[in-house]
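Asker: Start counting the sequence shown at 3; every next residue gets the next number (our numbering).
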Amino acid sequence: MTDESESERKARAERLRKQIGNLTQKAPNDAENPAPKPESASDFVHRRMREIDQAKERK
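1) CB-CB under 8 Å to Gln56, same chain, minus the five flanking residues each way: which ones, in chain order?
2) Secondary structure at Glu8, three-state DSSP: helix, strand or coil?
3) Taking the straight line between their C-alpha atoms, what separation do you get for Ser42 and Leu25?
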């Protein structure tokens with residue numbers, strides 16, 4: 003890597019963070035708040051079965 007002063011490295015790092023943020027459309031603190039995990043297949047099946055049963059009960 004080339005010889006960079008501390009301030010140049012910090013400025014470059016900030017520019018790169020902004021570019022990454024623009025590309026991902028995420029705030030820098032999103033790493034602390036990860037997205038919820040997708041629903042598992044078994045959870046989906048059980049939820050749908052409950053929804054169908056409830057719909058049948060309403061009729």
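Beta carbons: idealized from backbone N, C-alpha and C, even for Gly.
Answerer: On the basis of the data shown:
1) As a working note, residue 56 is residue 54 in the sequence shown. Excluding positions up to five away in sequence, the list is empty.
2) What you label residue 8 is simply residue 6 of the sequence shown in a count that begins at 1. DSSP places Glu8 in helix when its eight states are reduced to three.
3) Indexing the sequence shown from 1 puts residue 42 at position 40. Indexing the sequence shown from 1 puts residue 25 at position 23. So the two alpha carbons sit approximately 29 Å from each other.
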